[in-house]
Each structure stands twice: as structure tokens, then as C-alpha cells.
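For the sequence shown, the residue numbers in our numbering are 1 to 588.
Glycine is no exception: its CB is placed at the ideal position from the N, C-alpha and C atoms.
Computed from a predicted structure; not experimentally measured.
Here is the structure we will look at, set down as C-alpha cells.
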Amino acid sequence: MNSVSNSSGDTDAENFNEAPRSRIASAAAMQIGARVLGTGASLITVAVTTRALGPEAYGHLQTALMFVTLWASLTEMGIGSVIVRRVTGLIECSAADAHTQLQRFVRTNLGLSSVVSVPLTVVAFASGALIYRDNPQVVTMIGMVSAMLLLNAVASSYDPLFMVSVRFKAVALADVLGRLLSMVATIVLAALGVHVYWFAAVIVIPYAAALIVKAIAARRVGVTMPVYEWRASWDLVRESLPQTVIIVVAVLYWRIDGVILSTVSTAEQVGLYGLAYTLAFTASMVSDLFLNTTLSTSTELFASSRRRFVEFSRRNMELIYFLALPLIVIGGILATGLMTLVGSAAFSHGGTVLAVLFAAAGLTFVNAAASQALFAAHQQVFLMRVNLVNLCVNIVLNVLLAHHFGAIGAAGALLTTELLGVLLTTAQLARLGLHIQPMTFVLWCVPPLALGSALAWVIGDVSAVVAGIVAGAAYLGAAMYAGPLRPAYLKSFLGRGEGDEVVSTGESSAVGGSASGVSETAGGSGRGVSATSATVRLREQRPIPRFVPFSEAETTEMPIIRTVESNWMNIDWAQEESAFAGAGGRMS
1 MNSVSNSSGD TDAENFNEAP RSRIASAAAM QIGARVLGTG ASLITVAVTT RALGPEAYGH
61 LQTALMFVTL WASLTEMGIG SVIVRRVTGL IECSAADAHT QLQRFVRTNL GLSSVVSVPL
121 TVVAFASGAL IYRDNPQVVT MIGMVSAMLL LNAVASSYDP LFMVSVRFKA VALADVLGRL
181 LSMVATIVLA ALGVHVYWFA AVIVIPYAAA LIVKAIAARR VGVTMPVYEW RASWDLVRES
241 LPQTVIIVVA VLYWRIDGVI LSTVSTAEQV GLYGLAYTLA FTASMVSDLF LNTTLSTSTE
301 LFASSRRRFV EFSRRNMELI YFLALPLIVI GGILATGLMT LVGSAAFSHG GTVLAVLFAA
361 AGLTFVNAAA SQALFAAHQQ VFLMRVNLVN LCVNIVLNVL LAHHFGAIGA AGALLTTELL
421 GVLLTTAQLA RLGLHIQPMT FVLWCVPPLA LGSALAWVIG DVSAVVAGIV AGAAYLGAAM
481 YAGPLRPAYL KSFLGRGEGD EVVSTGESSA VGGSASGVSE TAGGSGRGVS ATSATVRLRE
541 QRPIPRFVPF SEAETTEMPI IRTVESNWMN IDWAQEESAF AGAGGRMS
């Protein structure tokens, strides 16, 4: 990375810091715009697909997709985060040397991915053929969709190039291009009335587009052919094992319910659940972007001022509740109308499933905010244990409920585990003395929520979209006029804090979506920020903003997987636990 000479003074240090910040802001706007456009295209794709196939055929398609995505965690294994951590930790290296190291790591990862992905794809197809041997249609589609494992394994190998440089044009282009091509292909297939197999082929298009775009971008910076260095590859795999465990747990948690449902219930129930799941968790994009944006500030504040950290985390939680409450209540009221709008009348009886999943998605918002606070407090081990507990409970509940209640049972299992996660994380925060649950704020939200819900109930039969817009506007307006979002509150929420001394994170807070490398007291495990003269000169007295630019290098080649643990998957647990103990340990 760029070095700062000892003779250049504070001005050079500030310039060193300013350039990455401008790139971070540009990358933020680019990724948000791409995500919004891509999400719109994906919703159109889903609507056209469900209307063309109907619940049963769509259920077969979802069965193949859910099963293959269970294997997706093994296509990248967290190696990209390890590469980013190694390269950004080269504080003493020149930019040219760091770039050379980055090229070597990426080419080694390419070689490893090309070797691992082929047997992985074969194993995924073979296991699917064994499990669904009584359904040849599903087996055929599993074979077709499995190609995405190979494509994603190679495409994700290029990601460290964009993460280190904080340049995401290729990532954004790949995301938008892939989703737009999928939308166009789906519309054409629906018009032609082709077999469901062709819709399975459409699933592979975004991954192929991502591979092509990223490969072209990588070639421009000198990364061409893979390198097969077995010793170097093994070192990367060994270092990434903790990340791999986290990714595997995350993917299993978010996809095992659909797979279990497909083995114990009907294809129609799988189709209802797949559509409801897609609609409910599309809304999570908003909370994800917000929490990724505030992550680095949260970790800075924990290292510098516990009081301000608690205040900042409580304000974050207030906004999350403000977003989650209408999703749960108003979304539940409009659930049947939304299922009918997107999936036709054949999916209308899945409204209850969507209502339950809206509630689960709302709790996911709260869970993510609480997890971010615990992450900043160096509680990664606790978070991992909670995820393992939730995964086990989720599997048991799905086995017990899905067979008897179908899609509603699977949705109920997810709602239960999300509620369990909220209770466990809240209890741990309280044990640490971090009381961030804003109960008074939630009570202030009740009157505006009641107004919005009443309007949704009255207008819902006319149009779910119109009712949602009117109810949302009424909820927001009432909250700003007589509820919790009055001008004084908004002014304090968007204002700046004063005084504490922090380490400017610069590039290190932007690569990989982790908050490691914030300060010496934060553990220093993720980004290798050391107490060199260059780093010390980046320390400055400045107000800490309530919000910082988007801090996660969010790649979207796997849009169907919600890995909420991505913010802390590249942390050395032992070092983080030691850092927490050194910073004062458990707070009273």
C-alpha cells in the first residue's frame, strides 16, 4: 500500500488518508446504485418466473437452487479476506511491492479455486442425485445449476483485487449486468412457454457475467493465468479455516430450512416458501447497507469511548427498530396482496408464510444491529456460539414442523431462531453493561405505526403497492410530526460527536467489511495496523461522524445467500479475545 515518508509532515498524512476516502464514497454510491437497480431487476425476474411456472414447477426450481447453494460456502472459503488482510498489513512495503504480492496471492487463489471447484461441483451433483433420486426433474436442474459453483469459485478469486484498491466498478457492473441479463432471458423464456429446465439455466447467467467482467478487469492490472503453488495454497487454506467455519454455518442457517422442506413436504410448499423468502428478505438490503456503513465508526468508538459507543449503538438500534416495525406489522397486513401481485393468484394462500417471514426479517434487522455492537466489543466467539445454537435449533424445528405444517412450519422455525438470537444477544449486551435496547423509542413508534397499519388495512384490498406507499408515508409523517423522529431528534442523530481521539481507518476500514485495524487497542488482528510512524501520524483529533462511507467490499455474485456474519468473518478470535481483555475486559 502507499507509504508515508517520515519527512512529509502532517499534510502528506492527510493526503494519504483523503484519497482512499474519496474512493470509498465513490464505491459506496456505485454499489448502492447497482444494488438498487439489480434488486429491481431480480424482483421482475422472480415475478415473471413464478407466473410462468406456477407453485409446483417453481418449487422444483427452488429445490434445485436451495440445495446447490448449500455448497456455495466452499467455493471461496474466506480466502479472499485472508489475502486482503495480508496485503493491507504490508505497512512497510511500497505500493509496487504490495501490488506484486497481491497479484501473486490472487493467481494462487485462482489455481486453488480451479482445482477445488471441479470435484466440488461433481460432489454437489452426485449428492443431489442421491437425495432426490425419485424426482428426475429436480436432479436434472441440480446438474444445470451446479455450474454456478464452478463459475463462482473462479470469479470470487478476483475479489481481493477490487477490495484492496477500493475500486468496485467491475463488481457493480457484474452485478447489474448479470441481473439484467437474467431478467431479459426470463422474459423471453416466459413468452416462449419453454420447459422449466430453461429457467434453471437462467440462474447461471449472473455467475457467468461476473466471471467474464472480473476476468477482463483483472487482466488489465496484470492478473492472467492461475498459479499452482501447493505450499502457498495450503497456507491460505489453513489461515482461512475460521472464516470457512463461519461461512458454512451462515449458509447452512439461511438455506437448510428450504432443503429440509423439499425433502419432507411438497413442491408447491417449497415454491410458496421460496417466493415468500425472496420477498421478505429483499427488504434486508436497507438494514445491511446502513449497518455496513456504521460498522467502522462503531468499532472506533468502542476503542475510544464506551459511553459514546453505547449512545451510538442505541441510536443505530433506534433506526433499525424504526425500519423493522413497519416491515413486521404493515408487511404482515399486506402479505397476501404482495404474494398475489408477484406470484399470481396461485400463490395467494402463501400470504401467511410471507407474514411470518416478514416478522423474521424484522427480527433479523435487530439481530444484526445487536451483533454489530457485540462485534465491536470483541465478542466474536460468543456470536459464533449463538449462530451454532441457532443453526441446531433451526434444524430440529424444521424437521419437526416442516413435515406437518409445510412452508408455515419452516417460516415459524426461522422466526423462532431469530427471536432466540435477539434474546441471547440482548442478554450478552446487558451482561457487558451495554444497554442499547431503546424501549422508550419503540413505544413512541406505536401511534405512527397504528396509523400506517390502519391505512394499510383499509387500502390493502385495492392495491398492495399503493397501500404500502400510503401506509409508509403516513408512518414516516406521523413519526416526524408527533412521534420519535421530531426535528430535535433528527438533528442530534445526524450530528457529529466531539472530542475522542481515534485512529483514522482510511483504506483499512474499507477492505473486506471488517472493523479490524481500527486501533492498537482493538486487537490489530485483521488489517495489520501497527504502531509505525506512518500510522501514528494518521492519528488526529477530529469529530467522529455519526456515519462513515460504506465500509464493506460487498460483492454480489451470490445474491441469494445472506451471510450476516460477513462483517466479522476475517477476525482472529484468539487475538480479539486478548484485545478485549487488554482493553478492560467485561464492563460493569
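Residue i vs residue j beta-carbon contact at 9 angstroms
i: T244; j: G78; result: yes
i: V213; j: G128; result: no
i: L43; j: T282; result: yes
i: A52; j: M148; result: no
i: A210; j: L151; result: yes
i: T75; j: A153; result: yes
i: S182; j: L112; result: no
i: I330; j: A482; result: no
i: A98; j: V164; result: yes
i: M317; j: A370; result: yes
i: T140; j: A200; result: yes
i: L291; j: A368; result: yes
i: L363; j: L397; result: no
i: I256; j: I395; result: yes
i: S287; j: F365; result: yes
i: L374; j: T294; result: no
Boundaries (first-last residue) of the alpha helix (DSSP H) holding residue i
i: D235; result: 230-264
i: F347; result: Neither: F347 is in no alpha helix (DSSP H) and is coded neither H nor E.
i: V381; result: 380-405
i: D97; result: 95-131
i: S73; result: Segment: none, S73 is in no alpha helix (DSSP H) and carries neither H nor E.
i: V213; result: 196-220
i: V138; result: 136-145
i: V171; result: 169-192
i: M267; result: The displayed chain sequence assigns Ala, not Met, to residue 267. Its alpha helix (DSSP H) spans residues 267-282.
i: Y481; result: 464-481
i: V442; result: 439-459
i: M317; result: 306-333
Alpha-carbon to alpha-carbon, residue j and residue i
i: K491; j: G40; result: 32 angstroms
i: V118; j: G271; result: 29 angstroms
i: L400; j: A96; result: 57 angstroms
i: G524; j: P326; result: Any reading at G524 needs caution, since the residue's pLDDT is 35, under 50, leaving its predicted position unreliable; the model's value is listed next. Using only the alpha carbons, I get a separation of about 39 angstroms.
i: R179; j: R133; result: 31 angstroms
i: I544; j: F162; result: Residue placement at I544 is poorly supported in this model, since its pLDDT is 32, which falls under 50; the coordinates still yield a value, given next. If I take the Cα positions, the gap works out to 27 angstroms.
i: L241; j: T108; result: 17 angstroms
i: W670; j: L189; result: Missing from the structure shown is residue 670; the chain here goes from 1 to 588 and no further.
i: Q437; j: L319; result: 11 angstroms
i: S344; j: A407; result: 18 angstroms
i: T297; j: V123; result: 43 angstroms
i: G193; j: W254; result: 32 angstroms
i: A478; j: F322; result: 12 angstroms
i: A474; j: M225; result: 56 angstroms
i: R220; j: V106; result: 14 angstroms
i: Y58; j: P206; result: 19 angstroms
i: R306; j: A218; result: 42 angstroms
i: V87; j: L476; result: 45 angstroms
i: A361; j: W230; result: 42 angstroms
i: I32; j: L289; result: 8 angstroms
i: E56; j: V248; result: 29 angstroms
i: P448; j: M480; result: 9 angstroms
i: S146; j: E268; result: 22 angstroms
i: T340; j: V48; result: 12 angstroms
i: G258; j: G274; result: 7 angstroms
i: T278; j: H349; result: 16 angstroms
i: V442; j: P484; result: 9 angstroms
i: V227; j: T100; result: 14 angstroms
i: G222; j: L102; result: 11 angstroms
i: V342; j: L432; result: 45 angstroms
i: N135; j: I142; result: 11 angstroms
Residue i CB to nearest heavy atom of the ligand GDP below 8 angstroms
i: P326; result: With respect to small molecules bound, the structure shown includes none, and the ligand GDP cannot be examined in it.
Proximity test, Cβ basis, 9 angstroms: residue i and chain B
i: I205; result: In summary, chain B is missing from the structure at hand, where a single protein chain is found.
Counting Cβ pairs closer than 8 angstroms, one from the segment 352-364 and one from the segment 377-389, do we hit at least three? no
Is the number of C-beta pairs between the segment 62-74 and the segment 227-242 that are closer than 8 angstroms three or more? In this structure the segment 62-74 does not lie against the segment 227-242, because fewer than three pairs of beta carbons, one per stretch, are closer than 8 angstroms.
Is there contact here, the segment 417-429 with the segment 382-401, by at least three beta-carbon pairs under 8 angstroms? yes
Could you check whether the segment 304-314 touches the segment 323-339, counting it as contact only if at least three pairs of C-beta atoms, one from each stretch, sit closer than 8 angstroms? Segment contact: the segment 304-314 against the segment 323-339, fewer than three CB-CB distances shorter than 8 angstroms; contact not assigned.
Report yes or no: do the segment 448-467 and the segment 332-344 share at least 3 C-beta pairs separated by less than 8 angstroms? yes
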